[in-house]
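Engineer:
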Amino acid sequence: MPYEPPIATNGDLLSEFSPGRVPVLLPYPFAGPFDYAVPPHAAYEPGDIVLVPLNRRQEAGVVWDEPHGPPVAAARLKPVTARLDAPPMPAALRRFIDWVAGYTLATQGEVLAMALRVNALSAPVAPPGWQLAPHPPDARLTPARRRALSVMGDRAPRTAGELARLADIGPSVIRGMADAGLLLPAPVPVPLPFGTPDAGFVTPVLSPDQAAIATELADAARAQKFAVTLLDGVTGSGKTEVYLEAVAACLAAGRQTLILLPEIALSAQFLSRFERRFGTAPAVWHSDLTSRVRRITWRAVAQGQASVVVGARSALFLPFPNLGLVVVDEEHETAFKQEDGVVYHARDMAVVRARLSDAPAILVSATPSLETLANVEASRYRRLSLAHRHAGASLPSVATVDMRDSPPERGKFLSPRLVAAVEATLAAGEQAMLFLNRRGYAPLTLCRACGHRLQCPNCTAWLVEHRALKRLTCHHCGHAEPIPPACPVCKAEHTLAAIGPGVERITEEADALFPTARRLVMASDTMPGPNAAAEAARAIEAREIDLIIGTQIVAKGWHFPHLTLVGVVDADLGLAGGDLRAAERTVQLLHQVAGRAGRAEAPGRVLLQTFSPDHPVMRALVAGDLAAFYAHEGAARRPGHWPPYGRLAALIVSADTADAADIAARDLGHAAPRGDGLVVLGPAPAPLAVLRGRHRRRLLLKTRRDIAVQPILRAWLAQVTVGRGVRVDVDVDPVSFL
Ligand code: ADP
Ligand code: ZN
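With the numbering used here applied, the sequence shown corresponds to residues 343 to 1080, in that order.
1. Let me make sure I understand the geometry here. Which of LEU534, LYS581, ALA733 and GLN598 has the alpha-carbon closest to that of GLU943?
2. Starting from GLY362, follow its DSSP beta bridges and name the residues at the other end.
3. Could you give the first and the last residue of the continuous alpha helix (DSSP H) run that contains PRO485?
4. Please name the residue, chosen from GLY1035, ILE606 and ALA969, that lies closest to ALA708 on a Cα-to-Cα basis.
5. Any heavy atom of the ligand ADP closer than 7 Å to the beta-carbon of GLN552?
6. Based on the DSSP secondary-structure assignment, which residues constitute the bridge partners of SER649?
7. Give the straight-line distance between the Cα atoms of ILE891 and ARG860, rounded to the nearest whole angstrom.
8. Here's the rule I'm using: 16 or more other beta-carbon atoms within 10 Å means buried, otherwise exposed. How should CYS792 be labelled?
9. Rounding to the nearest angstrom, what Cα-Cα distance links PRO546 and ARG489 in this structure?
10. With DSSP as the reference, please indicate the residues paired to ILE704 in a beta bridge.
11. Which residues in the same chain as LEU534 place their Cβ atom closer than 7 Å to its Cβ, once the five residues preceding and following it in sequence are excluded?
12. From this set, PHE438, PRO382 and SER492, which residue's C-alpha is nearest TRP406's C-alpha?
13. Taking Cβ to Cβ, would you say ILE887 is nearer than 8 Å to LEU608?
14. Residue range of the alpha helix (DSSP H) that PHE777 falls in?
15. Can you tell me which of VAL995, VAL589 and ALA556 puts its alpha carbon nearest to the alpha carbon of LEU1033?
16. Using 8 Å as the threshold, is the C-beta distance between PRO371 and LEU458 below it?
17. Does the Cβ-Cβ distance between LEU1080 and CYS801 come in under 8 Å?
18. With distances taken Cα to Cα, identify the nearest neighbour of GLY909 among ALA402, ARG927, ARG938 and ARG425.
19. Is it right to say GLY844 is buried, meaning 16 or more other beta carbons lie within 10 angstroms of its own, or is it exposed?
20. Cα-Cα, which of LEU712, CYS592, VAL422 and GLU558 is closest to ALA978?
21. Using beta-carbon positions only, say whether GLN934 and ALA897 come within less than 8 Å of one another.
22. Helix, strand or coil, according to DSSP, for TYR1130 in the structure here?
23. Terminal residues of the continuous beta strand (DSSP E) containing ASP1083?
24. Could you give the residue range of the alpha helix (DSSP H) that holds VAL380?
25. Measure the alpha-carbon distance for LEU367 versus ALA703 and round it to whole angstroms.
26. Under the assumption that TRP804 contacts PRO785 (Cβ atoms under 8 Å), give the Cβ distance between them as a whole number of angstroms.
27. For ALA916 versus GLU846, is the C-beta spacing smaller than 8 Å?
28. Whose CA, out of TYR445, ALA434 and PRO421, lies closest to the CA of ALA1050?
29. To test your reading of the DSSP string, which unbroken alpha helix (DSSP H) runs of 4 or more residues are found completely within the segment 963 to 1027?
30. Starting from LYS581, follow the alpha helix (DSSP H) in both directions and report where the run begins and ends.
31. I need the straight-line Cα distance from ALA889 to ASP574, nearest angstrom please.
32. LEU993 and LEU1041: beta carbons closer than 8 Å?
33. Taking 7 Å as the line, does the beta carbon of LEU548 fall inside it for any heavy atom of the ligand ADP?
34. Report yes or no: do three or more beta-carbon pairs, one from the segment 424 to 442 and one from the segment 481 to 498, lie closer than 8 Å?
35. With a threshold of 6 Å on Cβ separation, who are the neighbours of GLU346 within its own chain once the five nearest residues in sequence on each side are excluded?
36. With DSSP collapsed to three states, give me the class of ILE511.
This is how it looks when you write it as structure tokens:
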């Protein structure tokens, strides 16, 4: 990590944590903590979660480490109201919050909000119950009472109902025992929605290659030292199997593990696999948890009861007191980049989180990011690779279908070669998949009479037809409208034509071609939530499905043992935008999709429909030579100091009017930093020049890798005052350039 100091501290103002006052960080975008007076007889430690007055309300905040503001007489400060009954925030998380704020240019308070947003502060309500008295008095023991005593002999608190059921007694017996002092009231602990994983539940038999790597990773987990390992290797080589051994070592050492997955909604297969290995499901953390489960899980993490958490990027902000290992699975996934609010990359921040907890980090991928590979090259990360698929399964063979030589029928999208391959696969009783990374029916609707294209009223974007819903929707802002009966401009009827395919349209085509195949469509809008994904995976594994038609969610780590053919409907799709990582992302995505095929005995094959079979991306995929692609891509980025060989930070200006956006962008352009090893590109209209009704302009700072962008950005932004209603968002290490 290039970025060194966290927030500069005001040590020269008040270097001691003075007893009469404490700094309290609140979960709002203020520049830093506010000081509060400590009432007589109270004392607070950094990390304590407290209630303080703020604008006539009471707000929860966290006692921070350095007094912040200029010294104000303690008498003029408002006092802290109370300490909340919540586990204190560990120092490692406080330092992490400081670090993320410093790196992303967000305020500490905004980052704290991500750690407190869980509304987890109020304790889960523990139901009332009974416990065996520690020194039971002599009392008359009826048979019913004896049964109750033997049930309660393990000293665990139980509700009256549970005790009555287990001991087969009535409520009057319990009341009598309480009156006699045999039972004392005690709250019953809230049951946890997960168990305690057992490191030795089922230890796998690893191949010699796997075992060697598992040993190294487990040693790293036991060492309790920060180090980053890239675990790569072809799809199906056993990477998950191997890193679970590091998790086992961490469990055995009594420390906590965090496993980040890019899309937790699609993790059903992972969770059941975890359960087979460790005997119980791990704690999970994502935005769809009920608030009750959230509160219970948050506390269990804070109290060290949750030994393994599998989560989305927000799990980075959980209050682990004893974090011993961080795993980032599918580390190349762009879903790890959070684009709203605090803009951060969870993979990179996971490495920081590990460092601040003196824990090792493991980044896992069959198609690592160029960023991670550059860190390996520079010896910042070590690399362990699994070269072969497990149990002799072979990698699928990949071939291109040149769409100029084998064009589909007019108005269709599947070439005769792909159709024949699907037919042969289905005839052999195997499963096939058609992949197209586009939701809906058609990405563009135009009027054949006047040429008008149906566009989102709020965004610079075409409306996407979703025929099943009979609606046109904007994939950027969510705007939806019915499909109009006539062209809104020339009023001609029956002239609106769907242009290009989405998965719905491919499904329609497949219906006509393979009418007896049992089909399943997998797209984020047809399969919302973890249960739908889990059910889909089950049905596919159970061979209740013959043909899978899906968007990018089918690429994500699934294990489909009976799938032998993958057809990529439009392999060129991701290359069109031409942004910095278009080729890299296309290789990663298509390689991952291809990797779903041939994972068991039957070999798999992949057909890529393309108009440019000679493109380096297609050649790399056909040759199965990702190393050559990475070398080629690296060589292309190095001379211009493009990431990972240089740094980028974007400023995104947005305003209600185009003029306001232009003025602010121009002012920022005039104030642009100059110097050796840095250049500012823009301002220019963003590709999404209007988004949700806001006009957008972009500037891009590019620097050499040895230059930290944060001080430059701070100085730059400090020079410019933007008008009312204008926002300037900062995106350090941008992934999206829209
Ligand atoms: P990757 O994470 O590299 O894609 P996985 O760990 O998912 O690979 O392994 C692919 C498949 O092979 C899984 O079904 C897994 O259970 C199985 N597998 C891998 N290694 C072993 C092993 N040593 N013993 C039994 N099954 C294994
Ligand atoms: Zn829109």
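Backbone N, C-alpha and C fix where the C-beta goes; we use that ideal spot for every residue, glycine too.
Because the structure is a prediction, the values reported are computed rather than measured.
Structural biologist: Quick look at the numbers:
1. Position 601 of the sequence shown holds residue 943. Selection LEU534, LYS581, ALA733 and GLN598 evaluated against GLU943 yields ALA733 as nearest (Cα-Cα).
2. Looking up residue 362 in the sequence shown gives position 20. GLY362 pairs with nothing; no bridge assigned.
3. To locate residue 485, count along the sequence shown from 1; it is residue 143. Note, PRO485: alpha helix (DSSP H), 485 to 494.
4. Sequence index remark: in the sequence shown, residue 708 carries index 366 (1-based). Cα-wise, what sits closest to ALA708 is ALA969.
5. Start at 1 with the first residue of the sequence shown, and residue 552 comes out as number 210. Within the cutoff, so yes.
6. Translated into the one-based positions of the sequence shown, residue 649 becomes position 307. In the DSSP output, where bridge partners are listed per residue, SER649 has none listed.
7. Locating residue 891 in the sequence shown gives position 549, where the first residue counts as 1. Locating residue 860 in the sequence shown gives position 518, where the first residue counts as 1. Answer to the nearest angstrom: the Cα atoms are 11 Å apart.
8. In the sequence shown, the residue the question calls residue 792 occupies position 450. The residue in question, CYS792, is exposed, as its Cβ has fewer than 16 Cβ neighbours within 10 Å.
9. To locate residue 546, count along the sequence shown from 1; it is residue 204. To locate residue 489, count along the sequence shown from 1; it is residue 147. For PRO546 and ARG489, the distance between alpha carbons rounds to 43 Å.
10. Numbered from 1 along the sequence shown, position 362 holds the residue referred to as residue 704. Answer is THR571 and VAL669.
11. Translated into the one-based positions of the sequence shown, residue 534 becomes position 192. Close CB contacts of LEU534 within its chain, under the 7 Å cut and outside five residues either way in sequence, are with ILE638, ALA642 and GLN647 (chain order).
12. Position 64 of the sequence shown, counted from the start, is the residue given in the question as residue 406. TRP406 has its Cα closest to that of PHE438, out of PHE438, PRO382 and SER492.
13. As a working note, residue 887 is residue 545 in the sequence shown. As a working note, residue 608 is residue 266 in the sequence shown. If you check the CB distance, ILE887 and LEU608 do not come in under 8 Å.
14. Within the sequence shown, numbered from 1, the residue matching residue 777 stands at position 435. Note, PHE777: premise wrong, no alpha helix (DSSP H); beta strand (DSSP E) at 773 to 777.
15. What you label residue 1033 is simply residue 691 of the sequence shown in a count that begins at 1. Minimum Cα distance to LEU1033 is reached at VAL995.
16. Within the sequence shown, the letter at position 29 stands for residue 371. Within the sequence shown, the letter at position 116 stands for residue 458. Contact flag unset, no.
17. Reading the sequence shown from its first residue, position 738 is the one you call residue 1080. Reading the sequence shown from its first residue, position 459 is the one you call residue 801. Going by C-beta atoms, LEU1080 is not nearer than 8 Å to CYS801.
18. Walking along the sequence shown from the start, residue 909 turns up at place 567. Check the Cα spacing between GLY909 and each of ALA402, ARG927, ARG938 and ARG425: the tightest is with ARG938.
19. The residue labelled residue 844 in the question sits at position 502 within the sequence shown. Buried, since its Cβ has 16 or more Cβ neighbours within 10 Å.
20. Start at 1 with the first residue of the sequence shown, and residue 978 comes out as number 636. Per the Cα distances, LEU712.
21. For the purposes of this step, residue 934 is taken as the residue at position 592 of the sequence shown. For the purposes of this step, residue 897 is taken as the residue at position 555 of the sequence shown. Yes.
22. Beyond the ends of the chain as shown, which are 343 and 1080, falls residue 1130; an answer cannot be given.
23. Because the chain in this structure spans residues 343 to 1080, residue 1083 falls outside the shown range and cannot be described.
24. The residue labelled residue 380 in the question sits at position 38 within the sequence shown. No alpha helix (DSSP H) holds VAL380; DSSP gives it neither H nor E.
25. Residue 367 sits at position 25 when you count from the first residue of the sequence shown. Residue 703 sits at position 361 when you count from the first residue of the sequence shown. Roughly 29 Å separates the two Cα atoms.
26. Here residue 804 refers to the residue found at position 462 when the sequence shown is read from its first residue. Here residue 785 refers to the residue found at position 443 when the sequence shown is read from its first residue. With a Cβ gap of about 6 Å, TRP804 and PRO785 count as contacting.
27. Here residue 916 refers to the residue found at position 574 of the sequence shown. Here residue 846 refers to the residue found at position 504 of the sequence shown. In the sequence under discussion, the amino acid at residue 916 is Gly, which differs from the Ala named in the question. Not in contact: GLY916 and GLU846 (Cβ atoms no closer than 8 Å).
28. Stepping through the sequence shown from its first residue, residue 1050 is reached at position 708. Comparing Cα positions, the closest option is TYR445.
29. If we require 4 residues or more, the alpha helix (DSSP H) runs fully inside the segment 963 to 1027 come out as 968 to 979 and 1000 to 1012.
30. For the purposes of this step, residue 581 is identified with residue 239 of the sequence shown, where counting begins at 1. Following the DSSP letters along the chain, one finds LYS581 inside the alpha helix (DSSP H) bounded by residues 581 to 594.
31. For the purposes of this step, residue 889 is identified with residue 547 of the sequence shown, where counting begins at 1. For the purposes of this step, residue 574 is identified with residue 232 of the sequence shown, where counting begins at 1. Reading the sequence as shown, one finds Leu at residue 889 and not Ala. Those two C-alpha atoms are separated by around 30 Å.
32. Counting from one through the sequence shown, the residue named residue 993 turns up at place 651. Counting from one through the sequence shown, the residue named residue 1041 turns up at place 699. Closer than 8 Å, so yes.
33. Counting from 1 along the sequence shown, the entry for residue 548 is found at position 206. Yes, the beta carbon of LEU548 sits closer than 7 Å to at least one heavy atom of the ligand ADP.
34. no
35. As a working note, residue 346 is residue 4 in the sequence shown. Reliability fails at GLU346, whose pLDDT of 48 lies under 50, so the model's placement of it is uncertain and no value is given.
36. In the sequence shown, counting from the first residue as 1, residue 511 sits at position 169. Coil, per DSSP.
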